[in-house]
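So in full-length UniProt numbering, spot 187 of the sequence shown is number 187, and the numbers just go up one at a time. Heads up, the beta-carbon is just placed ideally off N, CA and C, and yes, glycines get one too. For reference, the structure discussed in these notes is given below.
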Amino acid sequence: MLAPSLPRLRHTPARDVPRTAQHAGKAPAKEGLSVAVVGAGPVGLLTALALSRRGFRKVKVLDRLPQPPKPEEQVWGDPDRSYNLGLGGRGQRALLKFEAMEAVERWSKTVVGRKDWSSGEAKVTLNNRRFMTKVIARDRLSSVLYHELQEKHPEVEVQFSTECSAVDFSQPSPRLELQRCGPPTALQGLAEEESCEVEDAEGGSQMEAWSNGSLSLPSR
1 MLAPSLPRLR HTPARDVPRT AQHAGKAPAK EGLSVAVVGA GPVGLLTALA LSRRGFRKVK
61 VLDRLPQPPK PEEQVWGDPD RSYNLGLGGR GQRALLKFEA MEAVERWSKT VVGRKDWSSG
121 EAKVTLNNRR FMTKVIARDR LSSVLYHELQ EKHPEVEVQF STECSAVDFS QPSPRLELQR
181 CGPPTALQGL AEEESCEVED AEGGSQMEAW SNGSLSLPSR
């Protein structure tokens with residue numbers, strides 16, 4: 001049995017979207033919108049891609065796991081190391097909306113029907129749906145979306161081997177506590193302290209980020 005397709009992305013009304021990101025595909029007048037996405041799985045990466053397309057220019061994705069292999073690597077050919085997802089109509093429409101379906105389809109297999117032996121004889125049922133189910137390993141899907149994000153929206157920072165262990169909402173600017181994890185090879189590039197300071201969309205509070213400690217987001 002195939003796993004359920006990706007959940008439908010809910011439309012956010014324009015009144016709930018910051019002023020500088022109300023028009024899809026148009027970057028804000030100045031860089032200021034700050035978003036942290038915890039989890040670099042298919043949903044997290046597609047969310048980051050969607051936010052970037054809507055004009056958010058300070059998007060950081062965090063994941064405790066190391067960076068997945070590239071989509072073309074041989075490791076994906078091992079069926080014992082893969083958990084397959086079935087992408088139905090909803091999942092494919094979401095990927096089409098954000099122009100990622102072509103890349104995903106390249107590494108997917110198409111389900112054209114099924115064969116049933118319950119009656120003792122093979123019975124073939126062909127799929128006549130508008131969207132033919134596409135099957136792909138879950139982590140391979142993440143890898144495809146990661147490379148799509150890096151190619152089309154390089155301004156989005158994806159930080160692997162970094163776990164969000166806690167979130168503090170007691171202050172005006174929520175603070176994320178980050179912990180580095182994984183083998184030493186996965187921690188390259190995270191050792192040096194990095195800080196930045198920008199104004200948010202409202203021109204009020206500021207954001208400070210440290211790659212080896214914590215991440216503070218501006219209050220709304």
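Is residue j closer than 9 Å to residue i when the C-beta atoms are compared?
| i | j | result |
| --- | --- | --- |
| Ala48 | Leu149 | yes |
| Ile136 | Val104 | yes |
| Val144 | Pro71 | yes |
| Arg114 | Pro42 | no |
| Phe131 | Leu46 | no |
Count the other CB atoms, across all protein chains shown, that sit within 10 Å of the CB of residue i; report buried if there are 16 or more and exposed otherwise.
| i | result |
| --- | --- |
| Gln74 | exposed |
| Trp76 | buried |
| Tyr146 | buried |
| Ser165 | exposed |
| Lys58 | buried |
| Ala21 | Caution is warranted here: a pLDDT of 39 is assigned to Ala21, below 50, making its placement in the model unreliable, and the coordinate value is therefore given only provisionally. When all chains shown are included, Ala21 counts as buried. |
Taking the alpha-carbon positions, what's the residue i to residue j distance?
| i | j | result |
| --- | --- | --- |
| Ala50 | Leu62 | 16 Å |
| Thr133 | Ala94 | 14 Å |
| Thr162 | Leu178 | 6 Å |
| Gly65 | Ser52 | It is worth fixing the name first, because residue 65 is Leu in this sequence and not Gly. Near 23 Å, if we compare the C-alpha coordinates of Ser52 and Leu65. |
| Asp168 | Ser119 | 59 Å |
| Asn127 | Phe160 | 39 Å |
| Gln171 | Val38 | 19 Å |
| Val124 | Lys60 | 47 Å |
| Met101 | Gln92 | 7 Å |
| Gly89 | Pro69 | 27 Å |
| Thr110 | Pro154 | 30 Å |
| Arg129 | Ser108 | 17 Å |
| Arg54 | Glu121 | 53 Å |
| Lys152 | Arg180 | 27 Å |
| Ala40 | Pro174 | 20 Å |
| Ser34 | Gln67 | 23 Å |
Under the assumption that residue i contacts residue j (Cβ atoms under 8 Å), give the Cβ distance between them as a whole number of angstroms.
| i | j | result |
| --- | --- | --- |
| Leu141 | Leu85 | 6 Å |
Could you name the residues that DSSP lists as bridge partners for residue i?
| i | result |
| --- | --- |
| Leu62 | Val38, Gln159 |
| Leu126 | Gly113 |
| Ala166 | Glu177 |
| Val104 | DSSP, once it has assigned bridges, lists no residue as partnering Val104. |
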